[in-house]
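Under the numbering used here, the sequence shown has 1389 at position 368, and the numbering climbs by one with no breaks.
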Amino acid sequence: MFWTPAVIAGIVVGALLVLLVFVGLLWYYAIRRRSPSNRNSETGSSDPSTLEWNRAGRVSSAGGAYVAELHRARQFTLKELEQATRNFDDLNLVGTGSFGLVYKGLLLDGTVVAIKRRVGPARHDFVEEVQRLSEIRHRNLVILIGYCQEGAYQMLVYEYLPNGSVCGHLYGDTDTRLEFKQRLSIAIRVAKGLSHLHSLSPPVVHQNFKATNVLVDENFIAKVADAGIMRLIQGYDAAGPSNRPSGSIYQDPEASSLMHLSESSDVYSFGVFLLELISGQEAAHLVPAVAKSSFIQWVESQLNNNKLIDPRLNSSFTSEGMKELINLTLHCLTTSSRRRPKMQLVATELDRILETEMNLTTVMGDGTAIVTLGSQLFTS
1022 MFWTPAVIAG
1032 IVVGALLVLL
1042 VFVGLLWYYA
1052 IRRRSPSNRN
1062 SETGSSDPST
1072 LEWNRAGRVS
1082 SAGGAYVAEL
1092 HRARQFTLKE
1102 LEQATRNFDD
1112 LNLVGTGSFG
1122 LVYKGLLLDG
1132 TVVAIKRRVG
1142 PARHDFVEEV
1152 QRLSEIRHRN
1162 LVILIGYCQE
1172 GAYQMLVYEY
1182 LPNGSVCGHL
1192 YGDTDTRLEF
1202 KQRLSIAIRV
1212 AKGLSHLHSL
1222 SPPVVHQNFK
1232 ATNVLVDENF
1242 IAKVADAGIM
1252 RLIQGYDAAG
1262 PSNRPSGSIY
1272 QDPEASSLMH
1282 LSESSDVYSF
1292 GVFLLELISG
1302 QEAAHLVPAV
1312 AKSSFIQWVE
1322 SQLNNNKLID
1332 PRLNSSFTSE
1342 GMKELINLTL
1352 HCLTTSSRRR
1362 PKMQLVATEL
1372 DRILETEMNL
1382 TTVMGDGTAI
1392 VTLGSQLFTS
């Protein structure tokens, strides 16, 4: 048989290709033997390194376990924040809180932020705590973006929520009319934010929850602000009632005697918030001075007699839905912390009440509601 040069060349090229594939397979399996697939850390060990675990963030049991991405707090310079607020111009002053004055600022990248400023010396533990708090991310928690310690000031930089505190839409003479289902929705989101804090390891207690720390964004989505901020003010060991202004109506009465704030203390404070959502009034101004020594008993009596329901709600609720919300409020305000529900259970119950409310207020084809609306509570 006579082989032409073309046939010989084809055989040689084919053999080379087979050889290259064979060598490639040998190299691939050699690499795999040196790098087992179960290695998942930067150190090459079969267990995650401390660095990788920290990067992964904490595991939450609220609404399902998941690993959150770590977000490191950004360190701002004083000059950056002065530029953002036009040297802390009073025109950019939007409020005051437990940490100090609050300014609206515009960063160079176009991000609108809220900057909290107070006089305080630079502290290393302040930076450590800010970094820890900045890792906590949840759709119903206001994001802590960064910090600054310069010029005898301590500053915190948060995301800015344009609709401000829910108080401005709930109390007194306001153009905003919050119907019952909207108030339930706000309560649910707040409960889920607090539940997430309590689900962390170790749990984070808000320590200063109140209506002014419930902010709403442009879509009226509620978020909890200032989570853990009292630790930044008082230091790591401040866990007692002194963290909160003396006589605050939001303060857990049991915490005053035990000198300790816990997750159940947040549940109590949330119960006061529910009372404000029901009444449309600030709790501190709602209770007569003579009744403040027996706050819980007075509230229970008034709620059970439907005397605290906001008349602006009109007939936007069902009597059953309101009764269930009142019952949940009273459970949160129980004097004994052991008898209060966990915040995760509170969020679940609020979800159920809202779902039932949505179903019961469905209007039938003839225009008649399925159940009697809440306006009848005012006629009894």
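No residue lacks a Cβ here, since even glycine has one placed at the ideal position from N, Cα and C.
Contacts around residue i, its chain only, beta-carbon distance under 7 Å, and the 5 residues preceding and following it disregarded
i, result
"residue 1208", "1295, 1298, 1371"
"residue 1333", "1198, 1301"
"residue 1127", "1105, 1133"
Given residue i as reference, the closest of the options once Cα atoms are compared
i, options, result
"residue 1328", "1347, 1098, 1355, 1315", "1347"
"residue 1302", "1240, 1336, 1330, 1374", "1330"
"residue 1193", "1304, 1175, 1241", "1304"
"residue 1247", "1158, 1100, 1344, 1097", "1158"
"residue 1358", "1334, 1230, 1273", "1273"
"residue 1326", "1343, 1178, 1335, 1249", "1343"
"residue 1130", "1101, 1336, 1143", "1101"
"residue 1255", "1337, 1142, 1335", "1142"
Sub-8 Å separation of residue i and residue j beta-carbons
i, j, result
"residue 1226", "residue 1284", "yes"
"residue 1137", "residue 1120", "yes"
"residue 1164", "residue 1095", "no"
"residue 1161", "residue 1244", "yes"
"residue 1140", "residue 1105", "no"
"residue 1210", "residue 1288", "no"
"residue 1341", "residue 1205", "no"
"residue 1381", "residue 1339", "yes"
"residue 1282", "residue 1320", "no"
"residue 1093", "residue 1152", "yes"
"residue 1317", "residue 1293", "no"
"residue 1457", "residue 1180", "The shown model of the chain, from 1022 to 1401, leaves out residue 1457, and the question about it has no answer."
"residue 1218", "residue 1291", "no"
Neighbourhood of residue i by C-beta distance below 8 Å, restricted to the same chain and skipping five residues each side
i, result
"residue 1074", "Residue placement at residue 1074 cannot be trusted, given a pLDDT of 30 that sits under 50; the coordinates are not used to answer."
"residue 1376", "none"
"residue 1187", "1207, 1232, 1235, 1236, 1237, 1243"
"residue 1307", "1296, 1297, 1300, 1329"
"residue 1356", "1274, 1275, 1317"
"residue 1046", "none"
Limits of the alpha helix (DSSP H) - the one that residue i falls within
i, result
"residue 1366", "1364-1381"
"residue 1350", "1340-1353"
"residue 1289", "1284-1300"
"residue 1189", "1188-1191"
"residue 1214", "1201-1220"
"residue 1106", "1099-1106"
"residue 1154", "1145-1155"
"residue 1175", "Looking at the DSSP string, residue 1175 is not in any alpha helix (DSSP H); the run it does join, the beta strand (DSSP E), is 1174-1180."
"residue 1305", "1304-1307"
"residue 1324", "1316-1325"
Close Cβ partners of residue i (< 6 Å) along its chain, the five nearest in sequence each way excluded
i, result
"residue 1324", "1347"
"residue 1041", "none"
"residue 1265", "At residue 1265, the pLDDT of 48 sits below 50, so the modelled position is not reliable; the number obtained from the coordinates is stated separately. The answer, listed in chain order, is 1229, 1272."
"residue 1056", "Note that residue 1056 scores 42 on pLDDT, short of 50, meaning its location in the model is unreliable and no value can be drawn from it."
Unbroken beta strand (DSSP E) run spanning residue i, endpoints
i, result
"residue 1170", "1165-1171"
"residue 1237", "1235-1237"
"residue 1252", "Segment 1250-1255 is the alpha helix (DSSP H) holding residue 1252; no beta strand (DSSP E) there."
"residue 1140", "1133-1140"
"residue 1117", "1114-1118"
Are at least three pairs of beta-carbons, each pair with one atom in the region 1098-1116 and one in the region 1141-1156, less than 8 Å apart?
-> Result no; under three Cβ-Cβ pairs closer than 8 Å.
Check whether the region 1194-1204 touches the region 1213-1229, counting contact only when three or more Cβ pairs, one atom from each stretch, lie closer than 8 Å.
-> No, because fewer than three Cβ pairs between the region 1194-1204 and the region 1213-1229 fall closer than 8 Å, the two stretches do not touch.
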